[in-house]
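Before any comments, here is the structure.
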Amino acid sequence: MKHAIKHVHFVGIGGSGMSGIAEVLLTLGYRVSGSDTGSTPTTQRLAQLNAIVSQGHR
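Dropping the structure here:
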(Lines of atoms letter the chains of each structure in order from A and count residues from 1; the text may use other names and numbers.)
(Lines give C-alpha, C1' and ligand atoms only; values in the text may rest on other atoms or scores of the structure.)
Protein backbone atom coordinates (compact mmCIF):
# COMPACT_ATOMS: atom_id res chain seq x y z
CA MET A 1 0.00 0.00 0.00
CA LYS A 2 1.34 3.40 -0.94
CA HIS A 3 -0.65 5.45 1.56
CA ALA A 4 -0.15 5.91 5.29
CA ILE A 5 -3.83 5.12 5.91
CA LYS A 6 -4.29 1.41 6.48
CA HIS A 7 -7.63 1.27 8.31
CA VAL A 8 -10.92 2.92 7.40
CA HIS A 9 -14.08 2.96 9.57
CA PHE A 10 -17.55 3.61 8.13
CA VAL A 11 -20.68 4.68 9.99
CA GLY A 12 -23.58 3.29 7.96
CA ILE A 13 -21.42 0.66 6.24
CA GLY A 14 -24.50 -1.20 4.96
CA GLY A 15 -25.69 1.69 2.81
CA SER A 16 -25.48 1.51 -0.97
CA GLY A 17 -22.69 4.07 -1.21
CA MET A 18 -20.64 3.17 1.84
CA SER A 19 -20.75 -0.58 1.21
CA GLY A 20 -19.44 -0.14 -2.32
CA ILE A 21 -16.54 2.00 -1.16
CA ALA A 22 -15.83 -0.46 1.67
CA GLU A 23 -15.71 -3.37 -0.77
CA VAL A 24 -13.28 -1.55 -3.07
CA LEU A 25 -11.01 -0.73 -0.12
CA LEU A 26 -11.10 -4.35 1.06
CA THR A 27 -10.12 -5.47 -2.43
CA LEU A 28 -7.20 -3.02 -2.36
CA GLY A 29 -5.97 -4.50 0.93
CA TYR A 30 -7.18 -1.94 3.46
CA ARG A 31 -8.50 -2.96 6.88
CA VAL A 32 -12.15 -1.97 6.99
CA SER A 33 -14.55 -1.72 9.91
CA GLY A 34 -17.93 -0.16 10.27
CA SER A 35 -21.27 -0.04 12.00
CA ASP A 36 -24.87 -0.08 10.89
CA THR A 37 -28.26 -0.25 12.57
CA GLY A 38 -28.68 -3.97 11.90
CA SER A 39 -27.46 -7.03 10.07
CA THR A 40 -28.37 -7.18 6.38
CA PRO A 41 -27.20 -9.28 3.43
CA THR A 42 -24.88 -6.38 2.54
CA THR A 43 -23.24 -6.21 5.97
CA GLN A 44 -22.97 -10.01 6.04
CA ARG A 45 -21.20 -9.95 2.67
CA LEU A 46 -18.74 -7.33 3.91
CA ALA A 47 -18.06 -9.46 6.99
CA GLN A 48 -17.35 -12.44 4.71
CA LEU A 49 -14.82 -10.23 2.92
CA ASN A 50 -13.10 -9.67 6.33
CA ALA A 51 -14.60 -6.32 7.28
CA ILE A 52 -15.33 -5.94 10.99
CA VAL A 53 -19.00 -4.98 11.15
CA SER A 54 -20.81 -4.09 14.38
CA GLN A 55 -24.48 -3.39 14.95
CA GLY A 56 -25.51 -0.02 16.31
CA HIS A 57 -23.88 3.35 15.90
CA ARG A 58 -21.56 4.43 18.71
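Count along the sequence shown from 1, then add 1104; that gives the number in my numbering. Built from N, CA and C at the ideal position, the CB exists for glycine as well. Only a predicted model underlies this, so the values are computations on that prediction, with no experimental measurement involved.
Local conformation of residue i per DSSP, three classes
i	result
G1138	strand
S1123	helix
is_contact[residue i, chain C] using C-beta, thresh 9 Å
i	result
F1114	Absent from the structure is chain C; it holds one protein chain and no more.
Beta-carbon gap between residue i and residue j smaller than 9 Å
i	j	result
Y1101	V1115	Only positions 1105 to 1162 of the chain appear in the structure, and residue 1101 is not among them; the question remains open.
I1117	V1136	yes
Residue i versus residue j - alpha carbon distance
i	j	result
T1131	Q1159	23 Å
G1138	G1124	13 Å
Neighbourhood of residue i by C-beta distance below 7 Å, restricted to the same chain and skipping five residues each side
i	result
R1149	none
A1151	V1157
A1126	F1114, I1117, V1136, G1138, L1150, A1155
Contact set for residue i: own chain, Cβ-Cβ below 6 Å, skip 5 residues either direction
i	result
M1122	F1114, G1116
T1147	G1118, D1140, V1157
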